[in-house]
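Structure first, commentary second.
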Amino acid sequence: LAKTTQPISMDSYEGQEVNITCSHNNIATNDYITWYQQFPSQGPRFIIQGYKTKVTNEVASLFIPADRKSSTLSLPRVSLSDTAVYYCLVGDIFNDMRFGAGTRLTVKP
Amino acid sequence: NAGVTQTPKFRILKIGQSMTLQCTQDMNHNYMYWYRQDPGMGLKLIYYSVGAGITDKGEVPNGYNVSRSTTEDFPLRLELAAPSQTSVYFCASSYSRGLGGEQYFGPGTRLTVT
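Here the protein sequences line up with chains A and B, keeping their order.
Residues 1 to 109 in the numbering used here are what the first sequence lists, from first letter to last.
Residues 110 to 223 in the numbering used here are what the second sequence lists, from first letter to last.
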């Protein structure tokens, strides 16, 4: 079971870069890391996925060190609309992937 | 594409009643999932399916049943509803399970059992 640990909550201000770190010390060799975003009263939405090093798409970057025991989701220049819960997941349902409580990000004006 | 659709959006059940939550996806995804989310908590997997005719239990399957007769549909059946089943239910689908197998979620069904 690749358990993940991430901060319960974070605050930021508009225009700042936000980094959310997730620990997954017992990640398996073939596990990949996936981040989802969830707004109130909506289903989660895929943000980014990676295996190692750095992955970037139009909304975020994912940094994964060589030992893969942690990963950091980076949101550049956040806005009020980025206020949401962010979930870090490791692996898939076939190796007991779990949604934890996530990180509640609050962006202030 | 409509993506993943769920009906109904809201439902109130009395204890002991039964109901079916509907889920349909139009992306031709093989993998489908049912989750429940209690207030302030993460999602918990109830059941999943890797293709038509194949289903398996997730983390919290008790009190629920599923079927997968077509690729598109994955209904969740609640028999003998209990207050502990008050929750928001999300259906999701994905093309694969590996890298690139991101899940697409529906809007959810908010169920209250009283």
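Every residue gets a Cβ at the ideal spot worked out from N, C-alpha and C, and that includes glycine.
Keep in mind that this is a model prediction, so the values were computed, not measured.
In the DSSP assignment, what are the bridge partners of Thr74(B)?
No statement about residue 74(B) is possible, as the shown extent of chain B runs from 110 to 223 and does not include it.
Could you give the DSSP three-state label for Gln126(B): helix, strand or coil?
coil
So is Tyr51(A) in contact with chain B if we call contact Cβ pairs under 8 angstroms?
yes
So, does the stretch 204-215 of chain B touch the stretch 131-144 of chain B, judging by three or more C-beta pairs under 8 angstroms?
yes
Euclidean distance between Cα positions of Leu187(B) and Gly172(B):
6 angstroms
Can you list, in chain order, the residues of the stretch 162-183 of chain B whose Cβ is nearer than 8 angstroms to any Cβ on chain A?
Gly167 and Glu168
Give the range of the beta strand (DSSP E) segment to which Lys3(A) is assigned.
Run containing Lys3(A): none; DSSP gives neither H nor E here.
Following the continuous beta strand (DSSP E) through Thr72(A), name the residue where it begins and the one where it ends.
Ser70 to Leu75
Where does Ala101(A) land, buried or exposed, given buried means 16+ other C-beta within 10 angstroms?
exposed
Straight-line Cα distance separating Thr133(B) from Ala111(B):
9 angstroms
CA-CA distance, Ala190(B) and Arg120(B)?
12 angstroms
Where does Phe183(B) sit, in a helix, a strand or coil, going by DSSP?
coil
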